[in-house]
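Colleague: I have a structure I would like to understand better, so I am pasting it below and will then ask my questions one at a time.
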Amino acid sequence: MNQLQTLDYFAIILYMIMVSGIGIYLGKFVKNISDYFKGGNSVSWVANGISNFMTMFSTSIFVAYAGIAYTHGLVALTVIWCAVPPSVFAALVLAKRWQRAGIISPVEFLETRFNAPVRQVLSWSGVGFKVLDEMIKLYAIGLFVAAATNSSLEMSILSCGLVVLVYTVAGGLWAVLVTDVVQFIILGLATVILLPLSLQAAGGLSNISEQLPAHLTFTNGPKGAPLYLFVYYLMVLVKFCGNWAFMQRFYSAENETDARKTGWLSASLFLLFPIIFLIPAIAARIIIPDLPDPEMAYVSICLKLLPQGLMGLMIAAMFAATMSTLSSEYNVTASVITSDIYKRIFKPTASNKELLLVGRLSTIVLGLMVTIGALFVGGFGGAFEANKLFTGLFAIPMVIPLVFGILMRKPTPTGAIAAVVIGMLVGLLLNGFTGFSWEIATLIEMVVCFLVFWASGYFTNTSEAYRVRVAAFFARLRVPAQKSASESDNSMQPILQRLYGIALACTGFLFSVLSVPSLANYSGKMALGVGVFCLITAFFIFKLKRKTKENL
Numbered sequence: 007m008n009q010l011q012t013l014d015y016f017a018i019i020l021y022m023i024m025v026s027g028i029g030i031y032l033g034k035f036v037k038n039i040s041d042y043f044k045g046g047n048s049v050s051w052v053a054n055g056i057s058n059f060m061t062m063f064s065t066s067i068f069v070a071y072a073g074i075a076y077t078h079g080l081v082a083l084t085v086i087w088c089a090v091p092p093s094v095f096a097a098l099v100l101a102k103r104w105q106r107a108g109i110i111s112p113v114e115f116l117e118t119r120f121n122a123p124v125r126q127v128l129s130w131s132g133v134g135f136k137v138l139d140e141m142i143k144l145y146a147i148g149l150f151v152a153a154a155t156n157s158s159l160e161m162s163i164l165s166c167g168l169v170v171l172v173y174t175v176a177g178g179l180w181a182v183l184v185t186d187v188v189q190f191i192i193l194g195l196a197t198v199i200l201l202p203l204s205l206q207a208a209g210g211l212s213n214i215s216e217q218l219p220a221h222l223t224f225t226n227g228p229k230g231a232p233l234y235l236f237v238y239y240l241m242v243l244v245k246f247c248g249n250w251a252f253m254q255r256f257y258s259a260e261n262e263t264d265a266r267k268t269g270w271l272s273a274s275l276f277l278l279f280p281i282i283f284l285i286p287a288i289a290a291r292i293i294i295p296d297l298p299d300p301e302m303a304y305v306s307i308c309l310k311l312l313p314q315g316l317m318g319l320m321i322a323a324m325f326a327a328t329m330s331t332l333s334s335e336y337n338v339t340a341s342v343i344t345s346d347i348y349k350r351i352f353k354p355t356a357s358n359k360e361l362l363l364v365g366r367l368s369t370i371v372l373g374l375m376v377t378i379g380a381l382f383v384g385g386f387g388g389a390f391e392a393n394k395l396f397t398g399l400f401a402i403p404m405v406i407p408l409v410f411g412i413l414m415r416k417p418t419p420t421g422a423i424a425a426v427v428i429g430m431l432v433g434l435l436l437n438g439f440t441g442f443s444w445e446i447a448t449l450i451e452m453v454v455c456f457l458v459f460w461a462s463g464y465f466t467n468t469s470e471a472y473r474v475r476v477a478a479f480f481a482r483l484r485v486p487a488q489k490s491a492s493e494s495d496n497s498m499q500p501i502l503q504r505l506y507g508i509a510l511a512c513t514g515f516l517f518s519v520l521s522v523p524s525l526a527n528y529s530g531k532m533a534l535g536v537g538v539f540c541l542i543t544a545f546f547i548f549k550l551k552r553k554t555k556e557n558l
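Here it is, written out as structure tokens:
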């Protein structure tokens with residue numbers, strides 16, 4: 007297997023400089039916490055949908071899912087398509103509710119829906135869980151980068167942690183969204199180059215079908231078992247709809263229509279893009295049949311087929327996919343610390359300027375805690391074991407009140423707290439008792455949490471004031487959200503449009519320059535074509551912007 011060359015490292019460094027520069031540039035336009043945490047409600051549904059896809063689309067698709075594709079084939083698509091139902095459900099049911107709740111953080115509505123203690127319990131416990139969860143993600147990307155670049159794990163973790171912290175602290179949600187779009191474009195274009203190269207090297211789909219017939223079925227292997235898929239899809243549906251960053255993409259949209267479009271675009275991307283991303287991993291089974299670690303299939307096929315420079319760009323975009331997840335989580339977690347903890351408990355009269363400072367400081371502290379903590383995740387048995395442990399203990403119980411609290415009127419504050427506490431105890435028991443399979447244990451935990459939450463509406467008493475408040479809350483959710491003139495300010499759109507143009511021009515320049523050493527090969531010609539396409543697109547964006555300005 008080839009190794010990264012000097013040109014590859016040059017591409018990685020340029021890419022990281024571009025991403026950091028976007029965040030620093032956008033930082034000067036952030037004036038208040040609405041800008042920092044909601045993009046001033048001026049975020050287009052296209053950017054929100056792409057960012058939502060990139061946020062949920064971490065390096066795991068190139069590691070864990072690529073390993074499944076290498077070993078068992080198209081069943082990897084069956085598993086990863088679990089992200090489609092949550093996006094569809096959000097578009098149909100949840101998007102309008104999150105918009106009408108008028109929130110600036112994902113847990114803000116819990117005080118009105120339940121009471122202050124529920125909001126605080128889920129705020130504090132949620133922040134703690136997010137720190138643990140983000141540590142695992144940064145550890146996983148550190149492993150990936152270390153394997154791809156032959157650098158140390160510690161240096162990989164520190165480098166990635168620093169870059170994501172720089173652009174997130176400076177630019178807030180705008181930086182997160184714009185960098186997500188840029189990363190999506192680069193990742194998509196690099197994969198478009200890799201796809202035909204891998205199919206050609208594997209002898210085409212007909213040869214794959216002939217040599218690996220089971221790989222072209224959607225239920226091959228243990229992860230294609232009906233019970234596994236049912237539980238996995240159900241778990242992801244609940245987890246995604248209660249994921250803070252997932253929710254943020256919908257309530258930060260300009261209006262309800264755009265929020266719904268965000269869901270539909272996310273669902274479309276989750277349905278279509280994994281196909282082109284995972285086929286190279288299946289082809290790798292023929293091209294590199296004896297990989298000792300199937301989870302390195304994607305990195306291995308990239309190193310074998312992509313020319314110098316483009317490999318570096320692909321590696322940068324691949325671990326940037328997880329960086330986008332981290333940046334989103336940093337931003338939305340800081341919104342909870344700022345709005346639900348600092349402002350609600352410590353200083354209700356805090357000014358916008360002070361809250362913006364708290365938001366940035368919270369992001370810095372979160373980033374440092376996650377980066378330092380990621381260095382020690384190996385002590386939990388590695389990323390997979392740590393993720394399985396923390397998900398079982400915390401994730402499922404904490405999202406039940408968040409998801410079903412905005413859908414069901416009867417459950418009470420007692421039920422919300424009980425679902426979290428009992429769910430964690432059940433998770434602790436099931437994680438410590440190995441007699442159950444993962445499928446059965448996870449299903450039991452979800453059912454217990456939901457039943458405890460649901461039953462509270464029939465077996466616990468509430469005050470008249472509480473019932474009136476909850477009735478008013480659900481009445482509000484039935485009325486379409488009305489935006490004020492200030493909320494409808496689209497002054498950032500020309501700035502973002504210019505930034506997209508600059509980013510596309512830089513991307514086109516990168517692809518064009520990096521294609522030069524390989525122009526004699528098919529891959530080099532494709533890279534040049536992609537670069538020219540990006541430059542032409544950037545030209546039309548600038549031309550459209552100039553025409554729009556002249557018409558004002």
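When the count follows our numbering, it moves up by one through the sequence shown with no breaks and lands on 558 for the last residue. Even for Gly, the Cβ is constructed at its ideal location relative to N, Cα and C. The structure displayed is predicted, hence computed values, not measured ones.
Rounded to a whole number of angstroms, what is the C-alpha to C-alpha distance between M24 and V182?
Modeller: For M24 and V182, the distance between alpha carbons rounds to 13 Å.
Colleague: Does DSSP put G376 in a helix, in a strand, or in coil?
Modeller: Contrary to the premise, residue 376 reads as Val rather than Gly in this sequence. Residue state, collapsed to three classes: helix.
Colleague: To the nearest whole angstrom, what separates the beta carbons of R529 and L284, a pair I think is in contact under 8 Å?
Modeller: At residue 529 the sequence reads Ser, which differs from the Arg that was named. Actually they do not touch by this definition, with Cβ atoms about 20 Å apart.
Colleague: Going by other Cβ atoms of all chains shown within 10 Å of its Cβ, with 16 needed for buried, is A491 buried or exposed?
Modeller: At A491 the pLDDT is 45, less than 50, meaning the model places this residue with poor confidence; the figure from the coordinates comes in the next sentence. Exposed, because fewer than 16 other Cβ atoms sit within 10 Å of the Cβ of A491.
Colleague: Is it buried or exposed, E470, if we count other Cβ atoms within 10 angstroms and call 16 or more buried?
Modeller: So E470 counts as exposed.
Colleague: Measuring straight from C-alpha to C-alpha, what distance separates I282 and L171?
Modeller: C-alpha separation (whole angstroms): 30 Å.
Colleague: Comparing C-alpha positions only, which one of A289, I39, A461 and L381 sits nearest to P417?
Modeller: Looking at the Cα atoms, A461 is the closest of the given residues.
Colleague: For the candidate residues A447, S521, F43 and V476, whose alpha-carbon lies nearest to that of R255?
Modeller: With distances taken between Cα atoms, R255 lies closest to F43.
Colleague: Shortest alpha-carbon distance to I307 belongs to which of Q206, V242, M404 and A544?
Modeller: The candidate whose alpha carbon is nearest that of I307 is Q206.
Colleague: Do I163 and L381 have their C-beta atoms closer together than 7 Å?
Modeller: It is a contact, given that the beta carbons lie within the stated cut-off.
Colleague: Counting Cβ pairs closer than 8 Å, one from the segment 213 to 230 and one from the segment 287 to 304, do we hit at least three?
Modeller: At 8 Å Cβ cutoff, the stretches touch.
Colleague: Assuming F78 contacts N226 (C-beta within less than 8 Å), just tell me the rounded distance between them.
Modeller: Note that residue 78 is His in the sequence shown here, rather than Phe. The pair is a contact, with the Cβ atoms about 5 Å apart (cut-off 8 Å).
Colleague: Here's a check: name, in chain order, each residue in its chain whose Cβ is nearer than 8 Å to the Cβ of S345, leaving out the five neighbours to either side.
Modeller: For S345, where only same-chain residues beyond five positions count, the Cβ hits under 8 Å are I39, F43, I110, S111, E114 and L361.
Colleague: From the DSSP output, which residues share a beta bridge with A259?
Modeller: Its beta-bridge partners are V49.
Colleague: I'd like to know whether the C-beta atoms of I450 and S129 end up nearer to each other than 7 Å.
Modeller: Result no, Cβ atoms of I450 and S129 do not sit closer than 7 Å.
Colleague: Do you know how far the Cα of L297 is from the Cα of Y102?
Modeller: As written in the sequence, residue 102 is Lys, which differs from the Tyr given in the question. Going by the C-alpha atoms only, they are around 47 Å apart.
Colleague: For G134, count the other beta carbons within 10 Å of its own beta carbon; 16 or more makes it buried, fewer makes it exposed. Which is it?
Modeller: Burial call: exposed.
Colleague: To the nearest angstrom, how far is the alpha carbon of T543 from that of V169?
Modeller: Approximately 27 Å, taken between the alpha carbons.
Colleague: What is the DSSP secondary structure of Q595, counted as helix, strand or coil?
Modeller: Nothing can be reported for residue 595: it is not among the residues displayed for the chain, which extend from 7 to 558.
Colleague: Using 10 angstroms around the beta-carbon of F517, count the other beta-carbons present and answer buried if the total reaches 16, otherwise exposed.
Modeller: That one is buried.
Colleague: Using 8 Å for Cβ pairs, my map puts A53 next to W270. What's the rounded Cβ distance?
Modeller: Incorrect: roughly 14 Å between the Cβ atoms, too far for contact.
Colleague: Please report how far the alpha carbon of G27 lies from the alpha carbon of A511, in whole angstroms.
Modeller: Approximately 14 Å, taken between the alpha carbons.
Colleague: Classify P112 as helix, strand or coil using the three-state DSSP reduction.
Modeller: Three-state result, P112: coil.
Colleague: Between V453, R415 and L413, which lies nearest to M430 when the distance is taken from Cα to Cα?
Modeller: Checked all of V453, R415 and L413; the closest Cα to M430 is V453.
Colleague: What's the C-alpha gap between T61 and K245?
Modeller: Looking at the two C-alpha atoms, the distance is approximately 14 Å.
Colleague: Thinking M320 and A196 are a contact (beta carbons under 8 Å), I'd like their distance in whole angstroms, please.
Modeller: Right, their Cβ atoms sit about 4 Å apart.
Colleague: To the nearest whole angstrom, what separates the beta carbons of V342 and A154, a pair I think is in contact under 8 Å?
Modeller: Not quite, the Cβ-Cβ distance comes to about 33 Å (not below 8 Å), so this is no contact.
Colleague: Using CA coordinates, which residue listed in T420, V536 and A526 is at the minimum distance from P123?
Modeller: For the residues T420, V536 and A526, the minimum Cα distance to P123 belongs to T420.
Colleague: Report the rounded CA-to-CA distance for T148 versus L520, giving the unit in angstroms.
Modeller: With the sequence shown as reference, residue 148 is identified as Gly, and Thr is not the correct amino acid for it. Rounded to the nearest angstrom, the two C-alpha atoms are 25 Å apart.
Colleague: Measuring straight from C-alpha to C-alpha, what distance separates T468 and F442?
Modeller: Near 37 Å, if we compare the C-alpha coordinates of F442 and T468.
Colleague: Are the CB atoms of T339 and K136 within a distance shorter than 7 Å?
Modeller: Yes, the pair counts as a contact, with Cβ atoms nearer than the cut-off.
Colleague: Find the nearest neighbour of F67 within the set Y238, L10, L83 and G55, judged by alpha-carbon distance.
Modeller: Before going on, a small fix: residue 67 reads as Ile here, not Phe. That would be L83, whose Cα lies nearest to the Cα of I67.
Colleague: Measuring straight from C-alpha to C-alpha, what distance separates A75 and I288?
Modeller: Those two C-alpha atoms are separated by around 5 Å.
Colleague: With DSSP run on the structure shown, which of helix, strand or coil describes G315?
Modeller: Here G315 sits in coil by DSSP.
Colleague: Pick from G373, A265, V405 and C455: whose alpha carbon is nearest that of G108?
Modeller: Out of G373, A265, V405 and C455, A265 has the C-alpha closest to the C-alpha of G108.
Colleague: If you draw a straight line from the C-alpha of E464 to the C-alpha of V85, how long is it?
Modeller: Correcting the residue identity first, residue 464 is Tyr in this sequence and not Glu. Each residue's alpha carbon lies about 37 Å from the other.
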